[in-house]
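As structure tokens, the structure follows; a few thoughts come after it.
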Amino acid sequence: MNRLHLCVNALFVVCILQSNAAFADPPELATALSSLRAAHPRLLWTADDEKRVAELAETEALLARLIEQNRVNAARMLDEPSVRYEIPDGKRLLAQSRKCIERVVAMAMAGRLSGERRFVDGAVREMLVAAKFKDWNPGHFLDTAEMTAALAIGYDWLYSSIPPDDRRTIRTAIVELGLKEGMVVYRSGKGWPARDNNWNQVCNGGMVLGALAVAEEHPELAAEVVRYAVASAPHGLGVYRPSGAYPEGPSYWEYGTSYTCLTIAALRSALGDDFGLHETPGLSKTGWFRIHTIGPTSMYFNYADGGTGSRPAAAMFFLSRAFDEPAWAWWHRRRLSGLVAEGREVRPSRQDRFFPLEIVWYDPRGAAPTPQELPRDAFFESQQDVVTMRGDCDDRNAAFVGFKAGDNRANHGHLDIGSFVYDAAGVRWAVDLGADDYNLPGYFGRQRWRYYRLTNHSHNTLVIDGRDQEHDDRADVIAYHSDAGRAACVVDMTRAYRSAARSVRRGVELVERRAIHVRDEIAGATGPIRWAMVTAASVDASGATAVLSQDGKQLRAEILSPSDARFEVLPNRPATSKENQNEGTSLLAIRVEPKDNADVVLSALLQPIVADKPLVAIEDVSLERWPNSLNRREP
Ligand SMILES: [Zn+2]
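Using my numbering, the letters of the sequence shown correspond one by one to residues 1009 to 1643.
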């Protein structure tokens, strides 16, 4: 390495450290690996851990069930095709990298636990296929990082069972296709090492796993990678401040947090030290964010570029142990048990490729939390302020509201300030459509706000004077309250509509733990105001009331203000045929034309129609008079 290179390296690490003064220093290059555990397996799951799991499975029926399920999954994989070098969209190898993790980790786990050679051979075969790829697509580095993770775990877990020639082939691939490509990015000082999003978490995680797997054969390279990764990781971890929320939404939480857990776990198991990464403010609370952002239907509050589908995430067991939160373990076991009880296979999917780590990190502790320990409502202060409210925590038919303020500049963010989802009677009535095709031109660049799914025009919020919300501004929660009977939140959305109105506030309340009340107070609008809610239900609208029907259930919607407003059903279509056409959905809408710039109050109440239960009625008071127990200064 030349002198200039060294200077640039040092400068980069210094810059990272200065912006993250709260963290421990990364290890010195010379001593980074001084505490390296000599023996394999050393990543995530040592021989001692393996013994602990085997013993625990004798008394923990769920753990035994997971182990058996993994063996079944691995056996099926033996007959299924291996990964291929395939970049179907011209950009990403990522699906193959994830498939490689899914297959290698499941077969390696089955090999370790059962001692059956066929699983070991299957995992080695898979790794050799990936090792012979011409590259791991470093131009889209997530692909490289995830492939490195797959081979690192397989190589380490099965080290003593892999023939020496194959070991060399796999190790060489980790070094040449993974770690050396990673060093090119670290040294450039550009891109994911300095980013505050999931890329930082995933790419550093893959690099740390790779480095620690081959550390005794390539000590200098491994030490350098670990040093860079530990210096870079605080950028990605900063997103959890201060409350544990995740700006990119709950499905990206699963992705980024899983890799953060892998990073911390691997540093601890291989070096005995995570260099203070676990002390990141907010990380110790992030399990609550996951618990609160999954509705009773198991669907996420899927703001930003996320889908609704949630799977168990083994990260919850790692976090429950790392931060001594047995309630998180209880909650996570309950989800896993629910899948087992329904007779469904708890099998991995591309999304759930770290399923075998449920076994590695299994936490048997914890009982049902008290209402004080697990409140029904939560407010997460973050780059994206998020509030969730719900009815009975144990009832699949319970009501659930997810509501957000936040920053339209957040990574993967939509123009969705003031948007909400609403579940009741087992149905998601108010829907967030989620992401569109990432390969649409300029999706992550200049054209982002041309796409219908990404703007306020397709979200459960306001459109004023036909305009987008401001692309570069944010909104804050200014009131929040939660007690036994009601939960309420008010967001000042003025900044998000600053070109279209003088003042805009929205309150959302969960009334009697089942109805949702949405009240907007708008002053000085420059043009017509449209209130909308995306729904997959069929809608029968008549004047100021509407009945929505879906899955044999009904929801009643009523306009409380203005007195002369009526519901309409509008198409939910984008401007171009390339975009997702949102089949099967429509917009339940209210349109108001303010006269002479007059203030407007838009207020609607929605509730499931349940036999023998009288409808909820409310007194529709101004937002000024809504309850507020939030000790937060006005922004
Ligand atoms: Zn959205």
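Backbone N, C-alpha and C fix where the C-beta goes; we use that ideal spot for every residue, glycine too.
- Thr1067 counts as exposed, since fewer than 16 other C-beta atoms from the protein chains shown sit within 10 angstroms of its C-beta.
- The three-state secondary structure of Tyr1311, taken from DSSP, is coil.
- At least one heavy atom of ligand 1 lies less than 8 Å from the C-beta of Arg1461.
- Taking the Cβ of Ala1544 as the reference point, every heavy atom of ligand 1 lies at 8 Å or farther away.
- In this structure the region 1054-1072 does not touch the region 1089-1106; the number of beta carbon pairs closer than 8 Å is below three.
- Within 8 Å of the C-beta of Ser1427 there is at least one heavy atom belonging to ligand 1.
- Ligand 1 has a heavy atom closer than 8 Å to the beta-carbon of Gly1442.
- At a Cβ-Cβ threshold of 9 Å, Ile1182 and Ala1160 count as neighbours.
- Relative to ligand 1, Asn1310 has its C-beta within less than 8 Å of a heavy atom.
- Cys1108: member of the alpha helix (DSSP H) spanning Leu1102 to Ser1122, first to last residue.
- Residue pairing of Ser1594 in beta bridges, as defined by DSSP: Thr1543 and Pro1579.
- Between the alpha carbons of Leu1229 and Trp1339 lies a gap of roughly 41 Å.
- The count of Cβ pairs closer than 8 Å, one atom from the region 1378-1396 and one from the region 1247-1255, reaches three, so the stretches are in contact.
- Proximity to Tyr1311 across Phe1363, Ala1273, His1420 and Glu1287 peaks at His1420, based on C-alpha coordinates.
- Contact check for Gly1315 and Gly1442: beta-carbon distance about 5 Å, within the 8 Å limit, so the pair qualifies.
- Val1600 is positioned such that its CB atom lies closer than 9 Å to that of Ile1537.
- Approximately 12 Å separates the beta-carbon atoms of Ala1508 and Val1608; this is outside 8 Å, ruling out the contact.
- Taking 9 Å as the cut-off, the beta carbon of Leu1275 is found closer than this to the beta carbon of Leu1220.
- Within the region 1214-1299, the runs of alpha helix (DSSP H) that reach at least 4 residues and sit entirely inside it are, in chain order, 1227-1245 and 1258-1279.
- Between Gly1303 and Phe1297 the beta-carbon gap is near 14 Å, outside 8 Å, which marks them as no contact.
- Considered as a whole, the region 1346-1412 harbours 1365-1368 as its complete alpha helix (DSSP H) runs of no fewer than 4 residues, in chain order.
- As DSSP reads the structure, Ala1083 sits in no beta bridge.
- Within the region 1419-1456, the complete beta strand (DSSP E) runs of at least 3 residues fall at 1428-1432 and 1435-1438.
- Apart from sequence neighbours up to five positions away, the residues of its chain that approach Ala1386 with a beta-carbon distance below 6 Å are His1300 and Thr1396, ordered along the chain.
- Short of 8 Å from the beta carbon of Arg1456, and not among the five residues preceding or following it, lie these beta carbons of its own chain, in chain order: Gly1450 and Leu1462.
- Inter-residue distance for Ala1047 and Leu1279 is about 12 Å (C-alpha atoms, whole angstroms).
- Here the alpha carbons of Ser1611 and Trp1634 stand approximately 14 Å from one another.
- By the 16-neighbour rule on beta-carbons within 10 angstroms, Thr1039 is exposed.
- Trp1539 has its alpha-carbon roughly 50 Å from the corresponding atom of Glu1088.
- Each residue's CA atom was taken as its position, placing Ala1432 and Gln1209 some 35 Å apart.
- For Gln1209, the three-state secondary structure derived from DSSP is helix.
- Taking all protein chains in view, the Cβ of Val1498 is crowded by 16 or more other Cβ atoms within 10 Å, so the residue is classified as buried.
- Per the coordinates, the alpha-carbon of Pro1096 lies some 14 Å from the alpha-carbon of Lys1107.
- The alpha carbon of Met1115 has as its nearest neighbour, out of Arg1050, Leu1245 and Leu1365, the alpha carbon of Leu1365.
- The beta carbon of Asp1151 is closer than 7 Å to those of Arg1100, Leu1101, Leu1102, Ser1105, Trp1144 and Asn1145 in its chain, skipping five residues each way along the sequence.
- Using a Cβ-Cβ distance cut-off of 8 Å, the region 1193-1208 and the region 1126-1138 are not in contact, since fewer than three pairs of beta carbons, one from each stretch, lie closer than that value.
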